[in-house]
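First up is the structure itself, then whatever we jot down about it.
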Amino acid sequence: MSAPPPSDTMPAATAQTDLQNLQAGLEAHRRGDLPTAERLYRLVLQTAPDTLDAYNLLGRLLVQGGRVGDAIPLLRHALDRNPGQSGLWISYAEALLTYGAHEAAREAAEKARQLAPKDPDVLYVWAETQRAASAWIAAADGYRRLLAVRPDHAGAWLQLATCLQAMGDLPAAKQAAERAVQHAPQAPECHNNLGSLHAASDDHAAALPHFERALALRPNYPAALINKGASLRETGQAADAVLLLQQAMALTNGHPQAVAGLAQARHSLGQIDEARQLYRDALAREPNDAETQWNYALAALTAGDFAAGWQAYAWRWRKAMPPLPHRAWPWPVWTENDIAGKRLLIWGEQGLGDRLMLLQFLPALIEDGAKVTLETDPRLIPLLQRSFAGIDFAAEGTHADPELLQRQFDGHRPLGDLAVTAPPGKPILRADPIRSNALAGKYRGDSRDRLVGLSWRSANPTLGAAKSLSIPELAPLAAIAGLRFVCLQYGATPEEHAALRSLFGDRYIVDPGIDAKNDLAGLADQIAALDLTVTVSNITAHLAGSLGRPVWLLAPASGRSLFFYLMAEGEGTPWYAGMRIFRRSHDRGAESQLEAVAKGLELLAK
Numbered sequence: 001m002s003a004p005p006p007s008d009t010m011p012a013a014t015a016q017t018d019l020q021n022l023q024a025g026l027e028a029h030r031r032g033d034l035p036t037a038e039r040l041y042r043l044v045l046q047t048a049p050d051t052l053d054a055y056n057l058l059g060r061l062l063v064q065g066g067r068v069g070d071a072i073p074l075l076r077h078a079l080d081r082n083p084g085q086s087g088l089w090i091s092y093a094e095a096l097l098t099y100g101a102h103e104a105a106r107e108a109a110e111k112a113r114q115l116a117p118k119d120p121d122v123l124y125v126w127a128e129t130q131r132a133a134s135a136w137i138a139a140a141d142g143y144r145r146l147l148a149v150r151p152d153h154a155g156a157w158l159q160l161a162t163c164l165q166a167m168g169d170l171p172a173a174k175q176a177a178e179r180a181v182q183h184a185p186q187a188p189e190c191h192n193n194l195g196s197l198h199a200a201s202d203d204h205a206a207a208l209p210h211f212e213r214a215l216a217l218r219p220n221y222p223a224a225l226i227n228k229g230a231s232l233r234e235t236g237q238a239a240d241a242v243l244l245l246q247q248a249m250a251l252t253n254g255h256p257q258a259v260a261g262l263a264q265a266r267h268s269l270g271q272i273d274e275a276r277q278l279y280r281d282a283l284a285r286e287p288n289d290a291e292t293q294w295n296y297a298l299a300a301l302t303a304g305d306f307a308a309g310w311q312a313y314a315w316r317w318r319k320a321m322p323p324l325p326h327r328a329w330p331w332p333v334w335t336e337n338d339i340a341g342k343r344l345l346i347w348g349e350q351g352l353g354d355r356l357m358l359l360q361f362l363p364a365l366i367e368d369g370a371k372v373t374l375e376t377d378p379r380l381i382p383l384l385q386r387s388f389a390g391i392d393f394a395a396e397g398t399h400a401d402p403e404l405l406q407r408q409f410d411g412h413r414p415l416g417d418l419a420v421t422a423p424p425g426k427p428i429l430r431a432d433p434i435r436s437n438a439l440a441g442k443y444r445g446d447s448r449d450r451l452v453g454l455s456w457r458s459a460n461p462t463l464g465a466a467k468s469l470s471i472p473e474l475a476p477l478a479a480i481a482g483l484r485f486v487c488l489q490y491g492a493t494p495e496e497h498a499a500l501r502s503l504f505g506d507r508y509i510v511d512p513g514i515d516a517k518n519d520l521a522g523l524a525d526q527i528a529a530l531d532l533t534v535t536v537s538n539i540t541a542h543l544a545g546s547l548g549r550p551v552w553l554l555a556p557a558s559g560r561s562l563f564f565y566l567m568a569e570g571e572g573t574p575w576y577a578g579m580r581i582f583r584r585s586h587d588r589g590a591e592s593q594l595e596a597v598a599k600g601l602e603l604l605a606k
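1 is the number of the first residue of the sequence shown in full-length UniProt numbering; add one for each residue after it.
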C-alpha cells in the first residue's frame, strides 16, 4: 500500500517525516518486525490522525499479532471518520472475521463491495465472509466474480473448491482445486486441498501423491501429515500412518484432530485399548466432534464396553461420513420407560447386517408389552414375519408409506436406540424347516458329503475390499474330500462361478432358485440346510448368526472400526453364539487364515 501525499495544511517538514515514518513502518512490517512497525504507525497517527494508511496498516498488524480486540475499535474509529474507504471496510471485515463475528464481518464486507464492486481484494474478502458463515452458494458466487477478473487467483480457486465440496459437487471441487495447483504449484495448501478431495471420494491412492507433494514443500505441515495418515490407514498402511500422526501431534501440541487420527490408526491395527484412550483425549478437548464420538463408540463396542459404546453411538446421526438420514415423523420420539400398551413405530437404519444385529434388542420391547410396528427393508419382511410374532411390518422406501402416516402411534424410535446393554446373542430368525430339508436333500444327493455354504465377497462400497477374498485365496479348501460347497454369494458373477468350478469341480453347487440378494427368506432357508457356512463379513454372516447356525467368519487382519461385532480378539463373539472367527494374519494375509479353515473342514469331513 502506498503512503498518502502530504496534506496541503500540514507543514512540509512534518509531512515528509510522517511519510518517512510510514514507509519505515511498512518496511519493518514486511520483514516481520511488528513492534517497530507498530511504534512507527502510531507515531504517524499522533501527528497526522487522518492518515488512512496508518490506520489500515496498524489494524492489520494488530490482527496479525493476535490483538484483534485492539484492532476492531481502531478500525471502527477510522471508519467513523472516513466511511467511504473500501480498504478500511475490508480490514475491518477481516478483523471481525478473525474475532468470530461472522455476521458483522459480512455487513462490513458488503459495505466495501458497494464502494468497490470490482476490486479483487474486496471480492475476495466478501466471499471469505460468506464462506465463514457457511453461505456456500453466495461464497462460490463471490469467488467466481473474482476469478472473472483475476483468473490466476489461486486462493480464490482453493476456496471455491471448499465451497463446491460443501455443496456436494466433488467433481467440480476437484477441478477448482486443480486450477489452484496450476496457478500456485509451490503452495502446499493447494496440494493438500486437492488430496483431501480425492480422499473424500475414497480415492486414497490418488490422494497420497498430493499429500506427499505438500509435505515436500512444507515438511512439518500438520494438516498434510494428518490427511496423509488417514489415507495410509484407509489403504491398509496403518502402521505407517501412526508415525505421521505422532509427528502431527508433536507439532500441534496434541491437536484433537491429530489425536483422533492417531486413535483411528491404532483402532485399525486392532490396538483397541490404546485407541479408546486417544479418543477420550481428543474428546476432552473437542467433546462435540461427532466423528470422534462415533469412532469412540465403535471402539468401546469392540472392547465389549457396551454401556459406553451405546451412549456414544447416539452421535451417529451427526457424523458427516457416511451420513445417516434421520427420519422425520409426525409423532414424538419415544423416550419413556413405561411402554406397556404403547403403540410404537420402530424404524430400520443403516445396512442389512446392522439391522439384523440390532433386531436382537426388539424381543425385549415386545416382552415389555409394546405394540410394535417395524418399518424396514422390504427384503427382510418375509423372513421377519415368520420370525417375530405380534409385530406389524411396513416396507420402507424413498418416501414413507402414506398408509403408515395415517396410523396413530404414541411415538417412534430408530432401531439402534433400542440397544443399551450387551447383545442377547440368541437366535432371532426362523427358517422354513420343510424347505430347508428339501434343499439339503437336493444338494447332498446320494452322497454323505457335508454341505458347506461359501460367501467370499462384500459389496460394501467403502469397506468391501478389506472384507473380501479373491477366488484363488480359496484354493486351500479345494483339496478336502467329503464336502460340497454351496454358493451363498449374492451378486456372484459368471466368471466367479467358472473359477470356483475349476477349483471344486462338480462339488461346487449354484442354486438358480435362490436369489441371494433379494430373497433373504430363501437365503435363510438355504443356510439352514447346510452343515456350516464359511463367509466373510456380510449379510450372509449375519443371517447365519441370527439363525443360530454354525458359521465360520473370515475376519480381515485390521481391526477396522465398523466391524465391532467381531470384537477385539478371540474366536467368539457375544453377538452370535454359533459364530467362530478366523482372524487374518497381518504378515501372511489370507494364507494362514484359509489354512486354519481348511484344517477345521478336514475334521468336519471325517
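Beta carbons: idealized from backbone N, C-alpha and C, even for Gly.
Here L553 really is in contact with F582; their C-beta atoms are around 7 Å apart, less than 8 Å.
The three-state reading of DSSP puts T47 in helix, counting H, G and I together.
Taking a 10 Å sphere around the C-beta of H77, we find fewer than 16 other C-beta atoms and assign the residue as exposed.
When the alpha-carbon of L463 is set against those of D417, A395, D202, the nearest one is in D202. When DSSP reads this structure, C190 sits in no beta bridge, so it has no partner. With respect to D515, R435 sits apart: the two C-beta atoms are not nearer than 8 Å.
Counting along the chain, D121 sits inside the alpha helix (DSSP H) bounded by residues 120-132.
Ranked by how close their Cα comes to the Cα of E286, the residues V259, A303, Q264 have V259 in first place. Closest in C-alpha terms to R430, from the list I527, P117, L405, comes I527. For S585, the beta-bridge partners assigned by DSSP are G589. Rounded to the nearest whole angstrom, the C-alpha separation of T376 and A148 is 50 Å.
Sorting E602, A180, N21, L52 by C-alpha distance to the C-alpha of L40 places N21 at the top. The beta-carbon separation of L488 and G453, rounded to 4 Å, stays under the 8 Å limit for a contact. The C-alpha of Y124 is placed about 9 Å away from the C-alpha of R145.
Distance between R266 and K228, taken at the CA atoms: about 15 Å. Burial check for V536: the Cβ neighbour count within 10 Å reaches 16 or more, so the residue is buried. The beta carbon of R580 lies closer than 6 Å to those of W552, E571 in the same chain, with the five residues before and after it left out. Between the alpha carbons of N437 and L530 lies a distance of about 9 Å. Here the region 481-495 makes no contact with the region 333-349; the two share fewer than three CB pairs at distances below 8 Å. For S86, no beta strand (DSSP E) segment is defined; the enclosing uninterrupted segment is the alpha helix (DSSP H) at 86-99. Contact check for G270 against A568 passes: the beta carbons are separated by less than 8 Å. In this chain, S201 is not harboured by any beta strand (DSSP E), its DSSP state being neither H nor E. Going by beta carbons, P550 and L532 fall inside the 8 Å limit.
For a cut-off of 8 Å, the C-beta gap from G59 to S86 is around 14 Å, too long to register as a contact. DSSP, reduced to helix, strand and coil, places L380 outside both helices and strands of the structure shown, so it counts as coil. In this structure, DSSP gives T533 an extended state, which the three-state scheme calls strand. Distances from the CA of A307 to each of L418, A199, L451 were compared; the closest alpha carbon is that of L418. Under the DSSP definition of a beta bridge, T573 partners with Y576. Remark: fewer than three beta-carbon pairs, one from each stretch, lie closer than 8 Å, so the region 392-400 and the region 298-316 are not flagged as touching. A Cβ-Cβ contact shorter than 8 Å links T302 with I272. For V333, the closest C-alpha among the options F361, H412, L356, G261 is that of H412. L244 is positioned such that its CB atom lies closer than 8 Å to that of L225. Contact check for R318 against A290 passes: the beta carbons are separated by less than 8 Å. Sequence-distant partners of L197 (beyond 5 residues in either direction) whose C-beta falls short of 7 Å from its own C-beta, in its chain, are A161, Q165, L170, A173, K174, A177. Going by beta carbons, S455 and K467 fall outside the 8 Å limit. For F504, the enclosing alpha helix (DSSP H) begins and ends at 494-504.
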